[in-house]
Each structure stands twice: as structure tokens, then as C-alpha cells.
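Colleague: Residue numbers (the numbering used here): -9 to 419.
(1) Kindly indicate which residue of 324, 37 and 85 has the alpha-carbon position closest to the one of residue 349.
(2) DSSP three-state call for residue 60: helix, strand or coil?
(3) Going by alpha carbons, who is nearest to residue 288 out of 335, 141, 366 and 254?
(4) Taking 8 Å as the limit between beta carbons, can you name the residues of its chain near residue 399, skipping five residues before and five after?
(5) For the alpha helix (DSSP H) holding residue 320, just list the boundary residues, first then last.
(6) Leaving out five residues before and five after residue 196 in sequence, what residues of the same chain have Cβ atoms less than 7 Å from its Cβ?
(7) Would the beta-carbon of residue 41 fall within 9 Å of that of residue 120?
(8) Using C-beta distances below 6 Å, list every residue in its chain close to residue 329, excluding the 5 sequence neighbours before and after it, in chain order.
(9) Which term fits residue 380, buried or exposed, when burial requires 16 or more other beta carbons within 10 angstroms of its beta carbon?
(10) For residue 11, which residues of its own chain have a beta-carbon under 6 Å away from its beta-carbon, when the five flanking residues on both sides are left out?
(11) Could you give the C-beta distance for residue 396 and residue 309, rounded to a whole number, given that I count them as a contact under 8 Å?
(12) Using CA coordinates, which residue listed in 392, 56, 35 and 76 is at the minimum distance from residue 245?
(13) Go through the segment 201 to 256 residue by residue and report every complete run of the beta strand (DSSP E) that reaches 3 residues or more, in order.
(14) Comparing alpha-carbon positions, which option in 30, 110, 385 and 357 lies nearest residue 78?
(15) Out of curiosity, what's the CA-to-CA distance linking residue 347 and residue 216?
(16) Can you name the start and end residues of the alpha helix (DSSP H) that residue 107 belongs to?
(17) Identify, in the order they occur along the chain, each residue of the same chain with its Cβ nearer than 8 Å to the Cβ of residue 226, setting aside the five sequence neighbours on each side.
(18) Can you find at least 3 beta carbon pairs, one from the segment 62 to 76 and one from the segment 114 to 130, that sit closer than 8 Å?
(19) Identify which residue in 106, 113 and 273 has its Cα closest to the Cα of residue 130.
(20) Alpha carbon to alpha carbon, what distance is there between residue 52 and residue 294?
(21) Between 248, 406 and 315, which lies nearest to residue 378 when the distance is taken from Cα to Cα?
(22) Roughly how many angstroms separate the alpha carbons of residue 95 and residue 311, rounded to a whole number?
(23) List the whole-angstrom C-beta distance separating residue 187 from residue 171, where the pair is believed to meet the contact cut-off of C-beta under 8 Å.
(24) Which word fits residue 224, buried or exposed, when buried means at least 16 other C-beta atoms lie within 10 angstroms of its C-beta?
(25) Short check: CB of residue 341 to CB of residue 155, under 9 Å?
(26) Counting only the same chain and skipping the five closest in sequence on each side, list residues whose C-beta sits under 7 Å from that of residue 175.
(27) On the criterion of 16 or more Cβ atoms from any shown chain inside 10 Å, does residue 394 qualify as buried, or is it exposed?
(28) Grab me the residues of residue 97's own chain with a C-beta within less than 7 Å of its C-beta, minus the 5 sequence neighbours each way, in chain order.
(29) Just to confirm my understanding: we take residue 230, look at its own chain, exclude 5 residues before and 5 after, and list those with CB closer than 7 Å. What are they?
(30) Which class does residue 13 belong to by DSSP, given the choice of helix, strand or coil?
(31) If the criterion is Cβ atoms closer than 9 Å, does the pair residue 306 and residue 254 meet it?
(32) Between residue 362 and the rest of its own chain, which residues show a CB-CB distance below 7 Å, the 5 nearest in sequence each way excluded?
(33) Pull up the distance between the alpha-carbon of residue 59 and that of residue 35, whole angstroms please.
(34) Sort 326, 290 and 126 by Cα distance to residue 147 and report the nearest one.
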């Protein structure tokens, strides 16, 4: 019967409280969920392509010097121009990704970079080769910041460190292959064929990346106006936590850049006297970085971000001290520890930047990448100067100072967090 026929009141029904709406399900990607594995593999391949191209000429500098009749300092510009182009263009490319989308910019960047990579073997002069490498580095600038911003938007927060760790692991594999593969191929067929092989490898990675990467579902286009961009950069640089993360990334890379720039000189000299091909194979140690970067998320779950920085710094310090030995086994073990500590620290710092930034994530990541490559340049230059002045112990000294900087900054962050936790309850009262 109707309420009217039974005499029942309709007031209760009219004013009954509505059930609380259920919270919206988190549609972002997570381990085990649809698309996560494809996304992880796609960005892993993008990392491989980026670093294989970026460092493809580093193991070939003596051959390039011989062909063009230039000094090592001139040939080294084929590496410096690429990394410099990346550092210079990473912020503008991040702005383009805010406007046109992460996947679009990453796809375009890889397309240009691999196209230039196929032209590099035909460079008629050292000047042309350096120019091509500069363009290639500028194009690759669209990858690092856009990739971390994409992950911050499309992956659930608890899985972010692991996802970025896999991208960094791809970097380590690419950096390793860009040195080792070219070295062995060049030994048989020359440096032009070697960089051509890397170009073809990068083409395959780029195609697979575009086919596998899921379309973004949580991207919101931003503005390209310079005033908005500069305001976003100013906001990031005024954030104490982001400043600390930028400095930590730069300091870890100072250690890594210095060690791997100089280690070849040490191992070819006495008491080791290793052949150049064997020294080139030392870059297989990068595989340790692949593991440590991909497991950084689990370390953060157990130790927290600052605890992981302490562990990474301690591991790096132990590696530096072991490398002082005049026996090959301790030196190699030292390189393993240095590599593991660096890649773990880098993965945690870069993922923390993406999680900390509440807006303009691509710009936040771009500033981190700029700091990172500045650290690489400083480490390479100062580490080499220290080596010529004081031998390997001088390079180790530079590395230890950089690790001390990481620990000091992390301690400052710990104190700031404790002060904030004490102040907030008092303010609430």
C-alpha cells in the first residue's frame, strides 16, 4: 500500500540521511594492476636509449682523436656537448611537457635523438660531430623530467619510488651499454660503426617505448607563459626540502662522475696495468646500479627516505675507502659499493622530488636534472684535477667531501622535520 492508505508518515523517509558517498577508487597504476608492467618496461627502454645515446662516444675518444687529428680535450667535447645540451634544455623541455603532455614530449624527444644518432656516424669533421651531439643532448632533455613527472601523475604514491627506480635502472643499463658495446664493436670495425650500432639499438627502444607506454589518464595541461614558468621555478627553489634534494642529487653525482672519469687512468697504470678493453668492461659494474635503483622503494619502506640516504652515503663511503687499496679485488668491490650507493641515492632523491612538488612537477624534476648534471660536470673536472695533483687518493678525497655534504644535508632535513613536528601541535593548541 501507499503511505497515504496506511496513514504512515512520509516525513521520516523525506528527511532520512543519505548514505555517505563512497570514496572514488584510485585509478592510477600500481604493481600487479593493468598497464603497470607495460609502463615500467616502456620507461625502462626509454632510460636505456637515453643513456646509451648520451654516452655513446665516451669509450671511443682515442679513436675519434686519431681520425680527426685532435687532442683528447677536443674529442671530449663529443661527450660534454651532449650532457651540456641536456642540462641546458631540460627546463624548457619540461615546460613543453606541462603544456603538450609527458608522453608527447618524450616521444618527440626520442624521435629527434635517434634520428640524429643515425647521422652521427657520417660526421665529416670534429666540429660537425660535436654539433650533432649537442643537438642530440638537447633532444634527450625531454626524457628525464617528463618521465618522472609522468610517473608522479600516473602511478600510485606507494609505488612511485619503485617505478622511478626502474627508470633509473634503465639509465644504468643504457650508460653501461653505451660504453661497453661501442668499445668492443669499435675494436673490430671502428668508431663510426660502433655509434651506428647504438643508434639502431636506440631506434628499437624508441619504437617499443611508444607502443608500450599507456596513454596518460591524469595529466592536466599547464601554461607556457614565461611568467607562469618563472613563478613555478621560483616556488620550487623556495622550498627547503626541494633545495636539499637538488643538492643531494648533485653531490651523489659529483662522487660518481669523479670516480668513473678517473678510474681508467688508475687501472691502466701500475700496479694494475690493465688493458684498455678490460678497463672498458669495468662498466659492467653498472648492473649493480640497476639492482640498487630498482630496490630503492623497498629500502624507503623499511628505513624511510632519510634513512636510505644515510645507507647510500655509508655504502658510497665504504666503497671509496676500499678503492684506495693497491689490489684489484678491493678496488672492484669498492666500485660495486660506490655504484650501489649512488644509484640508490639518486633513485630516492629523484622520486622524492616528484612526490614533494604539488604543481609544476616537470619543472621540479628538470631542476633536479640540472643539478644532477652540474654535479657530473663538477665531479669530472674536480676529480680529474685532484687525481693529477694527488693521485687516486685526491679523487677519493673529493668523493668523501661530497658524501659528507649529503650526510650534513640529510641531518639538517631530519632536524627540520623534528622541529616541524614539535611546532605543529603547539600551533594547533
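No residue lacks a Cβ here, since even glycine has one placed at the ideal position from N, Cα and C.
Modeller: For this structure:
(1) Position 359 of the chain shown, counted from the first residue, corresponds to residue 349. The alpha carbon of residue 349 has as its nearest neighbour, out of 324, 37 and 85, the alpha carbon of 85.
(2) By one-based count along the chain shown, residue 60 stands at place 70. If DSSP states are grouped into helix, strand and coil, residue 60 belongs with coil.
(3) Here the question's residue 288 lines up with position 298 in the chain shown. Cα-wise, what sits closest to residue 288 is 335.
(4) Along the chain shown, one-based indexing puts residue 399 at 409. The answer, listed in chain order, is 234, 237, 238 and 241.
(5) In the chain shown, residue 320 corresponds to position 330, counting from 1. Start and end: 318 to 346.
(6) Within the chain shown, the letter at position 206 stands for residue 196. Only 39, 100, 101 and 104 meet the Cβ criterion.
(7) Start at 1 with the first residue of the chain shown, and residue 41 comes out as number 51. Start at 1 with the first residue of the chain shown, and residue 120 comes out as number 130. At least 9 Å separates the beta-carbon of residue 41 from that of residue 120.
(8) Along the chain shown, read from residue 1 onward, the residue named residue 329 stands at position 339. Around residue 329: 275, 278 and 279.
(9) Here residue 380 refers to the residue found at position 390 of the chain shown. Residue burial annotation: residue 380 is exposed, with fewer than 16 other C-beta atoms found within 10 angstroms of its C-beta.
(10) On the chain shown, position 21 is the one that residue 11 refers to. Note that residue 11 scores a pLDDT of 47, beneath 50, so its modelled location is shaky; the value from the coordinates is reported in the next line. Around residue 11, the same chain offers no residue with a beta carbon nearer than 6 Å, after the five sequence neighbours per side are excluded.
(11) Working through the chain shown from its first residue, we reach residue 396 at position 406. Working through the chain shown from its first residue, we reach residue 309 at position 319. About 14 Å separates the Cβ atoms of residue 396 and residue 309, ruling out a contact at the 8 Å cut-off.
(12) To locate residue 245, count along the chain shown from 1; it is residue 255. Each of 392, 56, 35 and 76 was checked against the Cα of residue 245, and the nearest Cα belongs to 392.
(13) Listed in chain order, nothing qualifies, since the segment 201 to 256 has no complete beta strand (DSSP E) run of 3 or more residues.
(14) As a first step, residue 78 must be located in the chain shown, where it is residue number 88. Of the listed residues, the one whose Cα sits closest to residue 78 is 357.
(15) Locating residue 347 in the chain shown gives position 357, where the first residue counts as 1. Locating residue 216 in the chain shown gives position 226, where the first residue counts as 1. The straight-line gap from Cα to Cα measures roughly 19 Å.
(16) What you label residue 107 is simply residue 117 of the chain shown in a count that begins at 1. Per DSSP, the unbroken alpha helix (DSSP H) holding residue 107 starts and ends at 92 to 109.
(17) Counting from one through the chain shown, the residue named residue 226 turns up at place 236. Taken in chain order, the residues that qualify are 232, 347, 350, 353, 354 and 357.
(18) Yes, the segment 62 to 76 touches the segment 114 to 130.
(19) The residue given as residue 130 occupies position 140 in the chain shown. Between residue 130 and the set 106, 113 and 273, the nearest pair of CA atoms involves 106.
(20) In the chain shown, residue 294 corresponds to position 304, counting from 1. In the chain shown, residue 52 corresponds to position 62, counting from 1. When rounded, the distance between both Cα atoms is 44 Å.
(21) Your numbering for residue 378 matches position 388 in the chain shown. The closest CA to that of residue 378, considering only 248, 406 and 315, is found on 248.
(22) Numbered from its first residue, the chain shown carries residue 95 at position 105. Numbered from its first residue, the chain shown carries residue 311 at position 321. Near 42 Å, if we compare the C-alpha coordinates of residue 311 and residue 95.
(23) Numbered from 1 along the chain shown, position 197 holds the residue referred to as residue 187. Numbered from 1 along the chain shown, position 181 holds the residue referred to as residue 171. Rounded to the nearest angstrom, the Cβ distance from residue 187 to residue 171 is 6 Å, consistent with a contact under 8 Å.
(24) Here residue 224 is taken as the residue at index 234 of the chain shown, counted from 1. Burial call: exposed.
(25) Counting from one through the chain shown, the residue named residue 341 turns up at place 351. Counting from one through the chain shown, the residue named residue 155 turns up at place 165. Taking 9 Å as the cut-off, the Cβ atoms of residue 341 and residue 155 count as close.
(26) One-based indexing of the chain shown puts residue 175 at position 185. Residues of the same chain with a CB within less than 7 Å of the CB of residue 175, apart from the 5 flanking positions on each side, are 183, 184 and 187 in chain order.
(27) Here residue 394 is taken as the residue at index 404 of the chain shown, counted from 1. Around the CB of residue 394, fewer than 16 other CB atoms lie within 10 Å, so the residue is classed as exposed.
(28) The count along the chain shown starts at 1 and reaches residue 97 at position 107. Scanning its chain for C-beta atoms nearer than 7 Å, with the 5 sequence neighbours on each side dropped, one finds around residue 97 the residues 200, in chain order.
(29) As a position in the chain shown, residue 230 is number 240, starting the count at 1. The residues are 406.
(30) By one-based count along the chain shown, residue 13 stands at place 23. Note on residue 13: pLDDT 46, under 50, position unreliable in the model; the coordinate value appears next. If DSSP states are grouped into helix, strand and coil, residue 13 belongs with coil.
(31) Here residue 306 corresponds to residue number 316 of the chain shown, with the count starting at 1. Here residue 254 corresponds to residue number 264 of the chain shown, with the count starting at 1. Residue 306 places its beta carbon 9 Å or farther from that of residue 254.
(32) Here residue 362 refers to the residue found at position 372 of the chain shown. Excluding residues within five positions, the ones whose Cβ falls inside 7 Å are 239, 240 and 243.
(33) As a first step, residue 59 is located in the chain shown; it is residue number 69 there, counting from the start. As a first step, residue 35 is located in the chain shown; it is residue number 45 there, counting from the start. Using only the alpha carbons, I get a separation of about 36 Å.
(34) Here residue 147 refers to the residue found at position 157 when the chain shown is read from its first residue. The shortest C-alpha separation from residue 147 is found at 290.
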